[in-house]
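Have a look at the structure below, then the notes.
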Amino acid sequence: YFAKERGIDLHLYTEDMNDKLLERLSIENDMRRGIERKEFFLVYQPKIDTRSGKTVGAEALIRWNHPTKGMISPAQFIPVAEDTGLIVPLGEWVLSEACRQLKAWEAQGFRPIQVSVNLSSRQFEKKDLISRIRNIISEYRVDPACLQLELTESSVMQTPELSNHTLYQLKKSGLSIALDDFGTGYSSFSYLPHLPLDVLKIDKGFVKDVTVNPDNAAIVTAMIALAHNLGLKVICEGVETKEQLDFLKDRDCDEIQGFYYSRPLPPEEFEKWLVRVINAADTRMA
Ligand code: C2E
Ligand code: MG
Ligand code: MG
Ligand code: MG
20 YFAKERGIDL
30 HLYTEDMNDK
40 LLERLSIEND
50 MRRGIERKEF
60 FLVYQPKIDT
70 RSGKTVGAEA
80 LIRWNHPTKG
90 MISPAQFIPV
100 AEDTGLIVPL
110 GEWVLSEACR
120 QLKAWEAQGF
130 RPIQVSVNLS
140 SRQFEKKDLI
150 SRIRNIISEY
160 RVDPACLQLE
170 LTESSVMQTP
180 ELSNHTLYQL
190 KKSGLSIALD
200 DFGTGYSSFS
210 YLPHLPLDVL
220 KIDKGFVKDV
230 TVNPDNAAIV
240 TAMIALAHNL
250 GLKVICEGVE
260 TKEQLDFLKD
270 RDCDEIQGFY
280 YSRPLPPEEF
290 EKWLVRVINA
300 ADTRMA
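As numbered in our numbering, residues 20 to 305 make up the sequence shown, in order.
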């Protein structure tokens with residue numbers, strides 16, 4: 020009886036595993052093809068200086084327009100890309116595309132903005148990361164000061180000594196570094212001061228209910244102070260309301276990214292955004 024019951028469980032379990040496996044396999048195959056067929060594109064979410072209201076940069080975020088499934092979110096395909104190693108060529112495409120776009124905006128006469136690109140831990144681990152990044156930068160002739168790399172807290176803290184070395188080389192190449200999703204990983208406060216970081220990005224999980232949850236209010240306030248005391252800038256992501264913005268302004272947060280100002284925009288819409296904010300002198304809303 021028990022064996023049978025276990026048998027049934029096992030059967031259901033394997034079927035479920037099979038479904039998951041098949042789903043991943045199909046995503047993996049589709050992704051390989053999608054890279055060749057140029058189904059991926061980047062959207063850009065403005066980063067706003069909290070004090071001046073000016074747009075200081077944008078985060079580049081990948082999107083996948085699947086031929087039959089439509090838009091697939093990075094939450095679904097980035098983990099598969101990381102497991103299969105496809106994230107390495109895909110991530111390299113992201114960096115190249117961001118550099119190409121930076122150059123295109125420069126040619127269109129926009130003042131320089133800073134674009135940040137997410138780097139997966141799988142890319143970060145690669146021995147030739149630095150030379151590959153330097154190659155892309157020189158191929159597109161972008162000013163490295165216009166490029167920021169976002170690394171998650173967990174990928175940096177996996178191997179802090181090695182990360183420290185790689186980060187120094189990236190800094191030497193002129194790029195700036197943001198620690199993404201701060202507060203969600205296992206941060207070692209003893210390493211934090213030694214890492215050559217420029218920015219801490221406070222995860223949207225903390226920002227979401229910062230005005231109603233006193234615990235998160237305390238945590239965000241402390242994280243901003245921590246960053247400033249370490250000489251780092253702070254960006255809060257996931258800012259959706261005026262109340263959140265005001266709270267963060269009060270706490271002296273440096274930059275804001277979130278739906279309150281703008282969703283991530285396709286390049287043409289981001290250009291319209293830039294034109295609009297240039298004309299308005301800032302992005303303060305009526
Ligand atoms: P992330 O790097 O932390 O990016 C911020 C995410 O928050 C983006 O989700 C953005 O659309 C979302 N977001 C921004 N403002 C708001 C807001 O006000 N409310 C809410 N609810 N969400 C907001 P997205 O684009 O779906 O990306 C999810 C994650 O996928 C990213 O988190 C990043 O970890 C990963 N990702 C995206 N593009 C790339 C890429 O090119 N390479 C790598 N390695 N990872 C990427
Ligand atoms: Mg990011
Ligand atoms: Mg983040
Ligand atoms: Mg994230």
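In this text, a Cβ means the ideal position worked out from N, Cα and C, and glycines have one as well.
This one's a predicted model, so the numbers in the text were calculated from it and none came from an experiment.
Counting other Cβ atoms within 10 Å of its Cβ, Met90 stays below 16 and is therefore classed as exposed.
Closest by C-alpha distance to Arg160, out of Leu181, Gln120, Leu138 and Leu148, is Gln120. Of the candidates Phe143, Asn84 and Gln276, Phe143 places its Cα closest to the Cα of His184. DSSP places Arg51 in the helix class (H, G or I) of the three-state scheme. Counting along the chain, the unbroken alpha helix (DSSP H) around Pro179 starts and ends at Pro179 to Lys191.
Taking non-hydrogen atoms of ligand 3 into account, the C-beta of Glu172 is found less than 7 angstroms away from none of them. Residue side-chain check: Asp49 keeps its Cβ at 7 angstroms or more from all non-hydrogen atoms of ligand 3. Secondary structure of Thr87 (DSSP, three-state): coil. Excluding residues up to 5 positions away in sequence, Asn235, Ala236, Val239, Gln263 and Phe266 lie with their Cβ nearer than 7 angstroms to the Cβ of Val229 in the same chain.
Between the alpha carbons of Lys223 and Ala164 lies a distance of about 26 angstroms. In terms of Cα proximity to Val253, the closest of Arg70, Asn37 and Gly53 is Arg70.
Using a 10 angstroms sphere on the CB of Lys66, the tally of other CB atoms reaches 16 or more, which defines it as buried.
A residue is called buried when at least 16 other Cβ atoms come within 10 angstroms of its Cβ; Ile297 does not meet this threshold and is exposed. Per the Cβ contact rule, the region 140 to 156 is not in contact with the region 207 to 219 (fewer than 3 Cβ pairs under 8 angstroms). Counting of Cβ neighbours within 10 angstroms places Glu172 among the buried residues, the total reaching 16 or more. Distances between the C-beta of Glu169 and the heavy atoms of ligand 2 include at least one below 7 angstroms. Collapsing the DSSP output to three states places Ser92 in coil. Taken in chain order, the unbroken stretches of beta strand (DSSP E) that lie wholly in the region 233 to 300 and span 3 residues or more are 252 to 256 and 274 to 276. Within 10 angstroms of the beta-carbon of Met36 lie fewer than 16 other beta-carbons, which makes it exposed. Looking from the CA of Pro93, the closest CA among Ile46, Asp273 and Leu198 belongs to Ile46. For the set Ile221, Lys261, Leu105 and Val99, the Cα lying nearest the Cα of Lys145 is the one of Leu105.
Look at the beta carbons and you see the region 106 to 120 not touching the region 264 to 284: under three pairs across the two are nearer than 8 angstroms. Non-local C-beta neighbours of Met242 in its own chain, meaning closer than 8 angstroms and more than five positions away in sequence, comprise Phe201, Gly202, Leu219, Ile221, Phe225 and Val253, ordered along the chain. Annotated three-state conformation of Ser209 is coil, per DSSP. In this structure, the alpha-carbon of Glu34 lies about 32 angstroms from that of Glu55. Taken from the Cβ of Asp217, every heavy atom of ligand 3 lies 7 angstroms or farther away. The beta carbons of Arg282 and Gln133 sit about 19 angstroms from each other, so the pair does not count as a contact at 8 angstroms.
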